[in-house]
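The structure appears right after this line, and notes come after that.
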Amino acid sequence: MQELIEQLEKRRAQARLGGGQKRIDAQHAKGKLTARERIELLLDDNTFEEWDMFVEHRSVDFGMAEQKVPGDGVVTGYGMINGRLVFVFSQDFTVFGGALSEAHAEKICKVMDQAMKVGAPVVGLNDSGGARIQEGVASLGGYADVFQRNVMASGVVPQISMIMGPCAGGAVYSPAMTDFIFMVKDSSYMFVTGPEVVKTVTHESVTAEELGGAITHTTRSGVADMAFENDVEALMMLRRLYNYLPLNNREKPPVRLGNNGLGDPADRLDYSLDTLVPDNPNKPYDIKELILKVVDDGDFFELQPDYAKNIVIGFARMEGQTIGIVANQPLVLAGCLDIKSSIKAARFVRFCDAFNIPVVTFVDVPGFMPGTGQEYGGIIKHGAKLLYAYAECTVPKITVITRKAYGGAYDVMASKHLRGDVNLAWPRAEIAVMGAKGAVEIIFREDKNDPRSSPPARPNAQAHLPLAGDAAREEAREPVAQAREHSALNGSPPVFAHFVSLRQPPTGGDTGGRMFKKILIANRGEIACRVIKTARKMGIQTVAVYSEADKEARHVELADEAVHIGAAPSRESYLQADRIIAACKKTGAEAVHPGYGFLSENEAFARQVEEEGIAFIGPKHYSIAAMGDKIASKKLANEAKVNTIPGWNDAIETAERAVEIAKDIGYPVMIKASAGGGGKGLRVAFNDKEAFEGFTSCRNEARNSFGDDRVFIEKFIESPRHIEIQVLGDSHGNVIYLNERECSIQRRHQKVIEEAPSPFISDATRKAMGEQAVALAKAVKYQSAGTVEFVVGKDQSFFFIEMNTRLQVEHPVTEAITGLDLVELMIRVAAGEKLPLVQAEVQRNGWAIECRINPQDPFRNFLPSTGRLVKFQPPGETMFASDTQHLNGVRVDTGVYEGGEIPMFYDSMIAKLIVHGKDRNDAIAKMREALNGFAIRGISSNIPFQAALLAHPKFQAGDFNTGFIAEHYGKGFHAEDVPHADPSFLVALAAYVHRRYRARASGISGQLEGHGVKVGEQFVVVELGPEGKHVHHPVSVTDFHGKTGASSVTVDGKTYKIDSNSTLGAIRVQGIANDKPFTAQVERGAGKSPLALRVSHDGTQIEAMVLSPLGARLLELMPYKAPPDLSKFLMSPMPGLLVEVSVQPGSRCAPARSWPSSKP
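If you're matching positions, the sequence shown starts at 1 in full-length UniProt numbering and goes up one per residue.
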């Protein structure tokens, strides 16, 4: 008996070798796994039961009798995926190139027959050269037998094909009849006839990849559903798909059992849904954003993502239940239905109907795509296929109209008339025969074309077209409004719900006048929202002004009224003083708050406002004029006994004269525009050449930016600090200073981080600077909030730079340490009230830091980044639960919202992140944690750079000056500039989150009794590196507690006890690691691979795949694939406006011909 057993094991070993080690090595060299490796990776550990291992072919012709291999080129059997039964066959290319013989076909038919009998899906892993020609018709008959089973199994059990090598000739028809087809890039292809035959018959030269590769079939033909980078990725994603599918047509789809208390609650509210869908029916948005917000855990398995992109299909879950999703995509072809999208959606709906999967349809469709191409291609017939699919569908159907449903497309997209179960609509959704404009064009066609139409009978058609269009649109919306209560957020989303006013300012003292009932904010963005918040707190109504680019901006929504003042460019809107004053008169606004930037320091505007009898919430025009001129302000400072920098204080006319003066003062010198500010019109020269060139460029910039080319020169203070004093004055002659702000961390003269107080100056210096600032303010009879800026030397000597006669961007740090609301005090001063406190009452509590969050890519030399904010999730006060009184906490000032657009026309800052701590170290720690929790997606941000600055030892020690960034990051900012204090923690967190995903996936219905999944403890975290240079980290995850989310993770010899109750799928992950709180960001499928986790913490980011030891070993066999060569493409490094295209397709471009031009 033992001898028989040994013989059996020997035969099994021979069968497992397939075509032999040499051919296995050749398979690996191509970046392909073997048939058995694929099955082993696809199925749960140790669950595969192989059938017919020793079957051999029966052919004797052409020497085949001597060429027999056990298994005959295909491995068949059954096993488990997450404890659920599946039948599988895997063709073995190492045996006869995987060619199909009669015996080979019989093995496949056997597992398919059994799958239908017991009711379980079939997965085919195709890697075959086609029919085994030595067997002739017998081989072709084998294909027909397989095809017959495909037809019989259709709609009975799910069938999935994974094309992992060649699939040509008749072999392609079997996958074509299955429900899903996946392919592997660069190593798989499908075609009826190969490139050689094509060239012979049609004289076309084409490669196998171009003819039938994965990219071709997922983007052009639509034959395949998805394409993956390699075998490992493909098989792991197939496992993920399997979790959504029922075993057969008699069972319900699988349900995720429980969520251990850590799942996505069904009753959660996502207020960003109120702003995601634009009111304008012609403005695009990404429907996938909506889907991810609605489904469980933001987890959506999209099918055919690269084909017919104007419609989106795929699987997701709601309350753990599998659902199929169909959605129009407004980003592509405006969401129109066409031939390809109709076929794509119809096929998916019919699959869901066959296998009892409820269908949720999101509708935003303007109609069917017009044109001869569509008509000649049969849009009528193919469009009817989608209508038919919905009409015959008997599973639960829920339809949500997000914005519009016009014409016949309304009927087709799962309308209630096609036996829809529940039809919902967005509050402003439109349901109509066509869009409002088109309807008006038809209804009033006669009036438009008939010159005899008289005005008394009916107003001019052209004149009333817009009004009629609005009426038509409201009519389209009216039934929806009646049928569904408006669900828009009453007030502001949570990010705006908390405005940090650390303590109410004292309100005693003479009011001096009547408080305003209504004010207008002559600004936009963050500062407009900031002023509105304080005005609302004071019971004052607000008026916003907005440009065309800002009509859906947050400040417009927050204000009580809003007035449109012009086109997007600021010179045509926010710099139009007459329009702003007209808006005041129109709305009855009694005062104007200018914010900062735009007209805030425009003396003419302030004077004009005052002359119109409107209060200017800021200094008087004469104070602005006195301080707005750099030369004049320096002379005034001298008269007020304020320290000024040695220099030439008169305008300089020529570059030659500038060089002479520079040499007299002594290098280095600073060349400054008299009207400059914000870093513009400023150059530093260290020699004659730099002085000559600096004068010329500074003068040109001043002329272009300010319309004033006067330039002066002063001594440049080496190792300078930029420290400013906040002053506050009233109309009764009172002026106080509210301590200082340290603003030395600058990039190209733009402030990046501000803090209060300064870590550098002494109390004596602070007092002296404050008193000089007050003296200067009194000299110009200053009223309102203002800032006196000083440059401070290494010896704490200080010199006046300029006075900003407005509210500063960084004013919140002063509010934090003093407990005062500067905007409220500005309003009260403008209303004639006295200051409510004297100098001795000004407090300085704790430490505050502000980081400016800008839409820039720090890793690409800070190129601007504009576009849609897919995610905008600032940190909240809940991150600091102990700060119940909002002291020593976090504040976010912003004017944007999730789903909003960042326009290219204005200042780049999108938010200010402010923290207040008990001391500087505490404030730095809180800011680093707050940055960890600030999630921004859709555009790039400078958050990694801010994190690097805060972690820098010099910054933490307070040892810096205005040249800090140039000194330490002069050659740009790179990933290695953000070293993590504990890199192993990022690896451990990736393993921890993956373990939670595995635990969730294992808790699914439909598992075979006794085969429930037991998730292992050993994993490998593969940290993805450049050019395929990955780092493998063996990891163990033990003591896992599903209900609490706690685990012990050991990596690189370190153990981390991690506990988090954050919801899977949420970007922000908060918890405790080794008894210390942490906040990080984790995303699945956001980077190089859909399997990868992107982990971000303390400015450092890694991408990692967490695999089983087997998966990690097999991944090492996968080749590195270089990214596509884009050198032939003309690509813009930053956003811009395309001004002109001077060529047309097919034009011949001569060297002297102009090319497309754009403006940044």
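Glycine included, C-beta positions come from ideal geometry on N, C-alpha and C.
Please identify the residue among the options whose C-alpha is closest to the C-alpha of residue i.
i, options, result
"G972", "Q873, P875 and F859", "F859"
"V74", "K110, L43, Q1007 and G676", "K110"
"V192", "D629, G130, E106 and I431", "G130"
"D560", "M538, A582 and I532", "I532"
"G539", "E552, I431, K551 and K517", "K517"
"M909", "F862, P855, V892 and V915", "P855"
"A13", "G618, A354, K537 and P70", "P70"
"T818", "V792, V780, C851 and I736", "I736"
"M112", "N150, G136 and R844", "N150"
"G1028", "E229, I108 and N961", "E229"
"K586", "D795, H564, L41 and D893", "H564"
"D1052", "M670, V1035 and G1065", "V1035"
"P935", "S101, Q808, V1069 and G1025", "Just to set this straight, residue 935 is Ala in the shown sequence, not Pro. Nearest of S101, Q808, V1069 and G1025 to A935, Cα basis: V1069."
Report the three-state DSSP secondary structure of residue i (helix, strand or coil).
i, result
"T193", "coil"
"residue 1173", "The chain is shown only over 1 to 1160; residue 1173 falls outside these bounds and no answer can be derived."
"G98", "helix"
"C851", "strand"
"V332", "coil"
"Y307", "coil"
"A1122", "coil"
"L1064", "coil"
"Q783", "coil"
"K283", "coil"
"C743", "strand"
Looking at residue i: is its Cβ nearer than 8 Å to the Cβ of residue j?
i, j, result
"V122", "V157", "yes"
"L869", "V896", "yes"
"G899", "S272", "yes"
"G298", "V255", "no"
"I519", "T542", "yes"
"V232", "M1118", "yes"
"residue 1179", "G588", "As displayed, the chain neither begins before 1 nor continues past 1160, which places residue 1179 out of reach and without an answer."
"L986", "V1095", "yes"
"residue 1166", "F706", "This structure leaves residue 1166 out entirely; the chain is present only between 1 and 1160."
"A923", "V1106", "no"
"R132", "A168", "no"
"residue 1248", "V556", "Since the first and last residues shown for the chain are 1 and 1160, residue 1248 lies out of range."
"N310", "C352", "no"
"E810", "E754", "yes"
"P1077", "V1020", "no"
"D44", "N82", "yes"
"D72", "T34", "no"
"I631", "A662", "no"
"S211", "G170", "The sequence as given places Leu at residue 211; Ser does not occur at that position. Cβ atoms of L211 and G170: not closer than 8 Å."
Report back the beta-carbon spacing between residue i and residue j to the nearest angstrom; my notes put them in contact at under 8 Å.
i, j, result
"L303", "F348", "7 Å"
"T399", "N423", "5 Å"
"A947", "D708", "About 39 Å separates the two Cβ atoms, so there is no contact after all."
"S744", "N921", "Not really, about 18 Å apart at Cβ, beyond 8 Å."
For residue i, count neighbouring C-beta atoms within 10 Å of its own C-beta (all shown protein chains included) and say buried if the count is 16 or more, exposed if not.
i, result
"P646", "exposed"
"M769", "buried"
"E66", "exposed"
"H203", "exposed"
"D821", "buried"
"P455", "Caution is warranted here: a pLDDT of 42 is assigned to P455, below 50, making its placement in the model unreliable, and the coordinate value is therefore given only provisionally. Classification for P455: exposed."
"D1075", "exposed"
"P1145", "exposed"
"R419", "exposed"
"S492", "Confidence in S492 is poor, its pLDDT being 33 and thus under 50, which makes the residue's placement too unreliable to answer from."
"S221", "exposed"
Checking contacts by CB at 8 Å: is residue i closer than that to chain B?
i, result
"A568", "The structure shown contains no chain B, having only a single protein chain."
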